[in-house]
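The structure appears right after this line, and notes come after that.
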């Protein structure tokens, strides 16, 4: 369950405890802050390790003098400016710039400057969105297949459904090796919502069924299940090698044509081991 982020945070914690003036500390903090995604790190373990290490680092500074002014400029135009003091150590300032404000096809000059005492940490993130089209399946250690089936098990078209119709969403997950801390997440299109009830079937399709304790007719691999308006999420602490089938009900609620993102499976602490189904469009008639 280790990762580069957790290891780096642990090293920062040790250096902070035994060598508070080590010149590597600011560089390590800067690196950790730069690999965040939406103010958190890749996993809950990574996030906890980084917050702990940076907390030690802030405590190790003691009453460090912080009194600085900052300014954000784009092509000579001031976008934002302000001031940080010792009371603002955990204060976060955000500013979004539209791509239209840049020189399209040319160079732009984005500057962040500061004056005064203290360190100024910042991130610059670029986000863009491509036109949505059909998404092909991906296999990186796990395979995910998604189907719509009726109550008799007949496979239905996955691109159209009638309003007020209930279908079974069947997810087939294949892993050639045993996995730990597996997340399965199926994002529903806007016109559908999952039916919050016990899973109909969590079983193994291969002939040699993995040995597991049973509760009723449900295997205990997926201990935690969440039903949301926009997605269904399952979590397994341990998943032996095999082929698994998960089924849950969904209801078409609102007519329209919607994006249908892929269903995905991944190891929470080794996100490179993953897979997702195809994605595309779904029309509710």
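In my numbering, the protein residues as written are 5 to 289. In this text, a Cβ means the ideal position worked out from N, Cα and C, and glycines have one as well.
Handout entry: Through-space distance from residue 155 to residue 101, alpha-carbon basis
Key = 50 angstroms
Problem - Chain-order list of residues whose beta-carbon lies under 7 angstroms from that of residue 17 (same chain, five-residue window excluded) - result: 56, 57, 60
Practice task
Pick out whichever of 277, 259, 43 has its Cα sitting closest to the Cα of residue 127.
Solution key: 43
Practice task
For the alpha helix (DSSP H) containing residue 19, list its first residue and its last residue.
Solution key: 8 to 22
Exercise for the section: Indicate whether the contact test is met: 3 or more Cβ pairs, each with one atom in the stretch 174 to 187 and one in the stretch 238 to 246, closer than 8 angstroms. Expected result: yes
Problem - Neighbourhood of residue 173 by C-beta distance below 6 angstroms, restricted to the same chain and skipping five residues each side - result: 252, 254
Practice task
Rank 137, 28, 15, 164 by C-alpha distance to the C-alpha of residue 54 and give the top, closest one.
Solution key: 15
Handout entry: Between the CA atoms of residue 171 and residue 158 - distance to the nearest angstrom
Key = 10 angstroms
Handout entry: C-beta atoms of residue 3 and residue 259 nearer than 7 angstroms
Key = Residue 3 cannot be examined here, being either before or after the span of the chain that is shown, 5 to 289.
Handout entry: Local conformation of residue 116 per DSSP, three classes
Key = strand
Problem - Closest Cα partner of residue 264 within the set 271, 275, 235 - result: 235
Practice task
Can you give me the Cβ contacts of residue 45 inside the same chain, cut-off strictly under 6 angstroms, excluding the 5 residues immediately before and after it?
Solution key: 9, 51, 54
Exercise for the section: Measure from the C-beta of residue 189 to each C-beta in chain C and report whether the shortest distance is under 7 angstroms. Expected result: Absent from the structure: chain C. Only one protein chain is present.
Exercise for the section: Could you work out which residue in 81, 85, 69 is closest to residue 75 when comparing CA atoms only? Expected result: 85
Practice task
My understanding is that residue 178 touches residue 270, with C-beta atoms under 8 angstroms, so please give their C-beta distance in whole angstroms.
Solution key: So it is not a contact: roughly 14 angstroms between Cβ atoms.
Problem - Check: residue 237 C-beta below 6 angstroms from any heavy atom of the ligand ZN - result: Within the structure as shown, the ligand ZN is missing, as the structure has no ligands at all.
Practice task
Kindly identify the DSSP beta-bridge partner or partners of residue 44.
Solution key: 41
Problem - Burial state of residue 37 (16 or more Cβ within 10 Å) - result: exposed
Practice task
Determine the direct distance from the alpha carbon of residue 239 to that of residue 230, and round the result to whole angstroms.
Solution key: 9 angstroms
Handout entry: Close beta carbons around residue 140, own chain, < 8 angstroms, minus the five adjacent residues each side
Key = 282
Problem - C-alpha gap between residue 285 and residue 40, whole angstroms - result: 31 angstroms
Exercise for the section: Compare the C-alpha of residue 24 against each of 48, 147, 64 and name the closest. Expected result: 64
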